[in-house]
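To start, the structure under review is shown below, and the notes come after it.
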Amino acid sequence: MSQDEKTNQQWGGRFSEATDAFVQRFTASIQFDQRLYRHDIEGSIAHATMLASAGVLSNSERDTIIDGLQAVRADIENGSMQWSIALEDVHMNVESALTDKIGITGKKLHTGRSRNDQVATDIRLWLREEIDLIGLELTRLQRGLATLAGDEAATIMPGFTHLQTAQPVTFGHHLLAWNEMLERDYGRLQDCRKRLNQSPLGAAALAGTTYPIDRQLTASLLNFDQPTRNSLDSVSDRDFAIEFCAFASLLLTHMSRMSEELILWTSAQFNFINLPDRFCTGSSIMPQKKNPDVPELVRGKTGRVNGHLISLLTLMKSQPLAYNKDNQEDKEPLFDSVDTVKDCLRAFADMIPALQAKREVMLEAARRGFSTATDLADYLVRKGVAFRDAHEIVGKSVAFGLQQERDLSDMTLAELRQFSEQIDADVFEVLTLEGSVAARDHIGGTAPAQVRAAARAVLEGLKSR
Ligand code: ARG
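Start counting the sequence shown at 21; every next residue gets the next number (this note's numbering).
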């Protein structure tokens, strides 16, 4: 960074002394907003193109500016750009580099524009591109989940409520529950994209501009759906970044739930799945350890992303119209949220298809904990017993089983009949785990046939994204 500038060359006209060195650093954003350079240049090219079409610039000035901007982009990408703190942010650094390259014509680029509409445009363009990348990665994860769900459609495991064995479910069904959470997250991501896809260019500092600008043209050059409708709002609100962070928070919240289950399932106590070694790490002191670090970190990163959402909400709260420098603080939380979401999705999209279900262990676990007790109650209801009475009868059977350390399906017919005369030999069909899951054969149920169909439907739906 060169710091030899006396007063700021872009806005120094009315100043009589140079900015305090600390204040310069304190107010600068170039340390982090250089990341927007590509979108800043893209916005400038659209702006210059529009100015020429409106007759504000000549065609040759436009061409000189566009060539110059492309040369600046090349400098940035080959590492020869000298970023300057004195030039505060990416917008003024790029503009100054342009003028260094092409001379006086470079100074005409900022006609009819302000950094306020410029930055509002840049972040939208940047975030839109990131949203599309995140959408692809989220889809890859969902595809992995649905594929595994199809393969595990008939794998029986205990289903839990209160983390206590409740009723048997299929592993595929459990995986598809995760997918439903992600499906809604994808919808939220697309909603966010829809709302942010409007062009603030032309709002200028806050009130619009006196030049005969064509906002439709810049909007369409930048693939925005339309220009924003109010200049004051355009330069001031960062609700689109907040919406993205809200999406990120919910996504990570869902992924933290998945993480928690993966962590439990890899423990010796559950032992339901195996995560391949390449997704785990060891302990420097305990040689036997294989730790599920990837899901643990994803669970932990939820805190970080939730923090960013709160940062942005608090940043926006009570800000008077229109632009305020507070908004410069929007970038780091947003950037970090995007980076974190991308890393977590990548980790899961790689890891989920490699996960191995230990089918025998899951089945054995479902056999314990009286997971077919509800099936016995439903059986009694079908034989004419009122549900509350059936509940009582089964409760007593379970108490007997606990005493004997035997599951309901291990009891003899005579033993079961102590609790109700309505029980016949056909009871054993409903007491099996296979019978229990197969009986829940309706939309959204855990029957293998339903899970197979649901997994297929998910995969089909993902194709049209
Ligand atoms: N670096 C600023 C930001 O990120 C750009 C806009 C500054 N505008 C201004 N009038 N100071 O928000």
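Glycine is no exception: its CB is placed at the ideal position from the N, C-alpha and C atoms.
What three-state label does DSSP hand Ser-219 in the structure shown?
In the sequence shown, counting from the first residue as 1, residue 219 sits at position 199. Ser-219 falls in the strand class under three-state DSSP.
Is the shortest distance between the beta-carbon of His-328 and the beta-carbons of chain D less than 8 Å?
Included in the structure is just one protein chain, with no chain D present.
Does any heavy atom of the ligand ARG sit closer than 7 Å to the C-beta of Ser-49?
The residue you call residue 49 lines up with position 29 of the sequence shown. Yes, the beta carbon of Ser-49 sits closer than 7 Å to at least one heavy atom of the ligand ARG.
Secondary structure of Asn-113, DSSP reduced to three states
Stepping through the sequence shown from its first residue, residue 113 is reached at position 93. Three-state DSSP puts Asn-113 in a helix.
On the CB-based measure, 16 or more other CB atoms within 10 Å of its CB, does Ser-49 come out buried or exposed?
Along the sequence shown, read from residue 1 onward, the residue named residue 49 stands at position 29. With at least 16 other beta carbons inside 10 angstroms of its own, Ser-49 counts as buried.
Just confirm the distance between the C-beta atoms of Val-56 and Ile-151, as a whole number of angstroms; I'd bet it's less than 8 Å.
The count along the sequence shown starts at 1 and reaches residue 56 at position 36. The count along the sequence shown starts at 1 and reaches residue 151 at position 131. Here the sequence assigns Leu to residue 56, which means Val is not the residue at that position. Leu-56 to Ile-151, Cβ: 15 Å. No contact.
For Thr-334, count neighbouring Cβ atoms within 10 angstroms of its own Cβ and tell me buried if that reaches 16, exposed if not.
As a position in the sequence shown, residue 334 is number 314, starting the count at 1. Classification of Thr-334: exposed, given that the 10 Å Cβ count is below 16.
Unbroken alpha helix (DSSP H) run spanning Gln-90, endpoints
Indexing the sequence shown from 1 puts residue 90 at position 70. In the DSSP annotation of this structure, the continuous segment of the alpha helix (DSSP H) that includes Gln-90 starts and ends at 79-97.
Going by beta carbon distance, what residues of the same chain come within less than 6 Å of Ala-474, once the five residues before and after it are set aside?
Locating residue 474 in the sequence shown gives position 454, where the first residue counts as 1. These residues qualify, in order along the chain: Leu-196.
Pick helix, strand or coil for Phe-368, following the three-state DSSP scheme.
Reading the sequence shown from its first residue, position 348 is the one you call residue 368. Here Phe-368 sits in helix by DSSP.
Per the contact definition of three or more C-beta pairs closer than 8 Å, is the region 361-371 in contact with the region 152-172?
Yes: the two stretches touch, three or more of their Cβ pairs being nearer than 8 Å.
Neighbour-count burial assignment, Leu-77, 16 or more Cβ in a 10 Å radius
Numbered from 1 along the sequence shown, position 57 holds the residue referred to as residue 77. Burial call: buried.
What residue does the alpha helix (DSSP H) around Gln-423 start on, and which one ends it?
On the sequence shown, position 403 is the one that residue 423 refers to. Here the alpha helix (DSSP H) through Gln-423 covers 407-424.
Just the Cα atoms here: how many angstroms apart are Asp-40 and Val-361?
Within the sequence shown, numbered from 1, the residue matching residue 40 stands at position 20. Within the sequence shown, numbered from 1, the residue matching residue 361 stands at position 341. C-alpha separation (whole angstroms): 38 Å.
Enumerated in chain order, which unbroken segments of the beta strand (DSSP E) with a length of 3 residues or greater are wholly contained in the region 114-202?
Here the runs fully enclosed are 176-181 and 184-190.
What does the alpha-carbon distance come out to for the pair Leu-129 and Leu-354?
Within the sequence shown, residue 129 is the residue found at index 109, counting from 1. Within the sequence shown, residue 354 is the residue found at index 334, counting from 1. Rounded to the nearest angstrom, the two C-alpha atoms are 28 Å apart.
For Thr-301, does the three-state DSSP call read helix, strand or coil?
On the sequence shown, position 281 is the one that residue 301 refers to. In this structure, Thr-301 counts as strand in the three-state DSSP scheme.
Any contact of the region 251-263 with the region 224-234, i.e. 3+ C-beta pairs under 8 Å?
In this structure the region 251-263 touches the region 224-234; the number of beta carbon pairs closer than 8 Å is three or more.
Consider the C-beta atom of Arg-258 and the heavy atoms of the ligand ARG; say whether any pair is separated by less than 7 Å.
Reading the sequence shown from its first residue, position 238 is the one you call residue 258. A distance criterion of 7 Å places the beta-carbon of Arg-258 beyond contact range of the ligand ARG, judged by its closest non-hydrogen atom.
Short of 6 Å in beta carbon distance, which residues of its chain neighbour Ser-357, apart from the five on each side in sequence? Order them along the chain.
To locate residue 357, count along the sequence shown from 1; it is residue 337. Cys-265, Ala-268, Val-325 and His-328.
How about the region 96-104 and the region 198-218: do they share at least three Cβ pairs that are nearer than 8 Å?
No: fewer than three Cβ pairs fall under 8 Å.
Starting from Arg-476, follow the alpha helix (DSSP H) in both directions and report where the run begins and ends.
Taking the first residue of the sequence shown as position 1, residue 476 is located at position 456. Arg-476: member of the alpha helix (DSSP H) spanning 468-483, first to last residue.
Around the C-beta of Trp-146, are 16 or more other C-beta atoms found within 10 angstroms, so that it is buried, or is it exposed?
Within the sequence shown, numbered from 1, the residue matching residue 146 stands at position 126. That one is buried.
Spatial distance of Val-43 from Leu-209 (CA atoms)
Counted from its first residue, the sequence shown places residue 43 at position 23. Counted from its first residue, the sequence shown places residue 209 at position 189. So the alpha carbons of these two residues sit roughly 37 Å apart.
Ignore the nearest five residues each way along the sequence and tell me which others in Gln-246's own chain have a CB closer than 8 Å to its CB.
In the sequence shown, the residue the question calls residue 246 occupies position 226. Cβ neighbours of Gln-246 beyond the five flanking positions: Gln-218, Ser-219, Gln-236 and Ala-239.
Would the beta-carbon of Val-345 be found less than 7 Å away from any heavy atom of the ligand ARG?
The residue you call residue 345 lines up with position 325 of the sequence shown. Sequence inspection shows Lys at residue 345; the Val mentioned does not correspond to that position. Yes, Cβ of Lys-345 sits closer than 7 Å to a heavy atom of the ligand ARG.
Three or more C-beta pairs closer than 8 Å, one from the region 383-403 and one from the region 413-429: is that the case here?
Yes, the region 383-403 is in contact with the region 413-429.
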